[in-house]
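Counting along the sequence shown from 1, when you hit position 146 you're at 146 in the working numbering, and nothing is skipped either side. Glycine included, every Cβ here is placed at the ideal spot set by N, Cα and C. Values in this document were obtained by computation on a predicted structure and should not be read as measured data. Remarks on the structure that follows.
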Amino acid sequence: MWPGFKYVAALVAGLPLWGIPSTASIEPQANAAAAPRSDLDTLLWPSAGAGQRADQRGVALNPADLRDRIAVVAFVAPDCSIVCVTRTLDLDRVAKALPETVRDRAVFLAVSLDDATKDGKASGMTALRAFVDGTVGAQTRLRFLAGDAAWTASLVAMLRYPAASLPEPPPQVLVFDRRGGIAMSYGGDPVDRPRLERDIPLLDSFAQGLDAHGSNPL
Numbered sequence: 001m002w003p004g005f006k007y008v009a010a011l012v013a014g015l016p017l018w019g020i021p022s023t024a025s026i027e028p029q030a031n032a033a034a035a036p037r038s039d040l041d042t043l044l045w046p047s048a049g050a051g052q053r054a055d056q057r058g059v060a061l062n063p064a065d066l067r068d069r070i071a072v073v074a075f076v077a078p079d080c081s082i083v084c085v086t087r088t089l090d091l092d093r094v095a096k097a098l099p100e101t102v103r104d105r106a107v108f109l110a111v112s113l114d115d116a117t118k119d120g121k122a123s124g125m126t127a128l129r130a131f132v133d134g135t136v137g138a139q140t141r142l143r144f145l146a147g148d149a150a151w152t153a154s155l156v157a158m159l160r161y162p163a164a165s166l167p168e169p170p171p172q173v174l175v176f177d178r179r180g181g182i183a184m185s186y187g188g189d190p191v192d193r194p195r196l197e198r199d200i201p202l203l204d205s206f207a208q209g210l211d212a213h214g215s216n217p218l
């Protein structure tokens, strides 16, 4: 049994979204009769009318872009403390360090929970792009997404994260398997880079996602 996945099979089989320890957890989907959506889809597009997401380069992000990929999701804010900088740098290093055979099969998403459209601030994406350029540069493999107020509110509710703590984002790093199911949650301060670099290739070996192996010991 792989130590990192010792407890995963029992959890992913029963929960649409795995509860996240510490200050954040994910609420289960309320409507079980609805068309099945992956945990990752629910996180990024909470409702059918959630609208298109675009990264810091203006490139659209669609659910199809994440199919059959390992997705790593972290949370940042352009004006949060130094922990956002170190978290982003660590994830950038992980993305670059993966073996070439796995590198293009992993998608790294950094989601900003800072509602930068109020109080006269610059637009969310403008501020986020400046943060990206100053931290990891334009060539990073990480894709940064700026949320509007509605998406931020949805994420805060899903993660059970105290709104009063914003713009300081949740410290968790979430990893989703190839079928978009929540697989692992890591503390983000500091990012456990060796563990992530080890677990991403291993997760990629589960072509049907972890839930397909929920009844089998790992």
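Do residue j and residue i have their beta-carbon atoms positioned less than 8 Å apart in this structure?
| i | j | result |
| --- | --- | --- |
| Pro190 | Cys80 | no |
| Ser38 | Gly134 | no |
| Arg87 | Val73 | no |
| Pro194 | Val102 | no |
| Leu70 | Arg178 | With the sequence shown as reference, residue 70 is identified as Ile, and Leu is not the correct amino acid for it. Against a cut-off of 8 Å, the Cβ pair of Arg178 and Ile70 comes out as a contact. |
| Phe144 | Ala110 | yes |
| Leu91 | Leu40 | no |
| Gln208 | Gly188 | no |
Going by alpha carbons, who is nearest to residue i out of the options?
| i | options | result |
| --- | --- | --- |
| Gly124 | Arg195, Ala54 and Tyr186 | Ala54 |
| Ser47 | Asp177, Val175 and Thr152 | Thr152 |
| Thr140 | Ile182, Arg93 and Val59 | Arg93 |
| Asp199 | Leu166, Gly147 and Val175 | Val175 |
| Gly137 | Leu196, Leu61 and Val85 | Val85 |
| Leu196 | Ala64, Pro167, Lys96 and Leu166 | Lys96 |
| Val59 | Ser185, Thr42, Ala146 and Asp104 | Ala146 |
| Phe108 | Glu100, Leu66, Thr126 and Ala130 | Leu66 |
| Val83 | Pro167, Phe206 and Asn62 | Pro167 |
| Asp104 | Asp204, Leu89 and Asn62 | Asp204 |
How many whole angstroms separate the CB atoms of residue i and residue j, which I take to be in contact at a CB cut-off of 8 Å?
| i | j | result |
| --- | --- | --- |
| Leu128 | Pro78 | 5 Å |
| Ala106 | Leu113 | The pair is not a contact, with the Cβ atoms about 22 Å apart (cut-off 8 Å). |
| Gln52 | Val132 | Between Val132 and Gln52 the Cβ distance is about 19 Å, and since that is not below 8 Å, they are no contact. |
| Ala149 | Val156 | Their Cβ separation, rounded to whole angstroms, is 10 Å, which puts Ala149 and Val156 out of contact at 8 Å. |
So who's on the other strand from residue i, going by DSSP bridges?
| i | result |
| --- | --- |
| Ser112 | Val76 and Ala146 |
| Asp55 | Leu145 |
| Ala71 | Val107 and Phe176 |
| Ile182 | Phe176 |
Could you have a look at residue i and say whether DSSP puts it in helix, strand or coil?
| i | result |
| --- | --- |
| Leu174 | strand |
| Ala157 | helix |
| Ser38 | coil |
| Ala64 | helix |
| Gly187 | strand |
| Gly209 | coil |
| Val102 | helix |
| Asp204 | helix |
| Ala32 | At Ala32 the pLDDT is 42, less than 50, meaning the model places this residue with poor confidence; the figure from the coordinates comes in the next sentence. Here Ala32 sits in coil by DSSP. |
| Glu168 | coil |
| Ala130 | helix |
| Gly137 | coil |
| Asp199 | helix |
| Pro194 | helix |
| Trp151 | helix |
| Ala163 | helix |
| Ala95 | helix |
| Glu27 | For Glu27, the pLDDT reaches just 47, beneath the cut-off of 50, and the residue's location in the model is therefore unreliable, although a value from the coordinates is still provided. It is coil, neither helix nor strand. |
Verify the contact flag: residue i, CB atom, against every heavy atom of the ligand MN, threshold strictly below 7 Å.
| i | result |
| --- | --- |
| Glu197 | This structure lacks the ligand MN, and indeed carries no ligand of any kind. |
Using a beta-carbon distance below 8 Å, is residue i in contact with chain C?
| i | result |
| --- | --- |
| Met184 | Protein chain content of the structure displayed is limited to a single chain, and chain C is not contained in it. |
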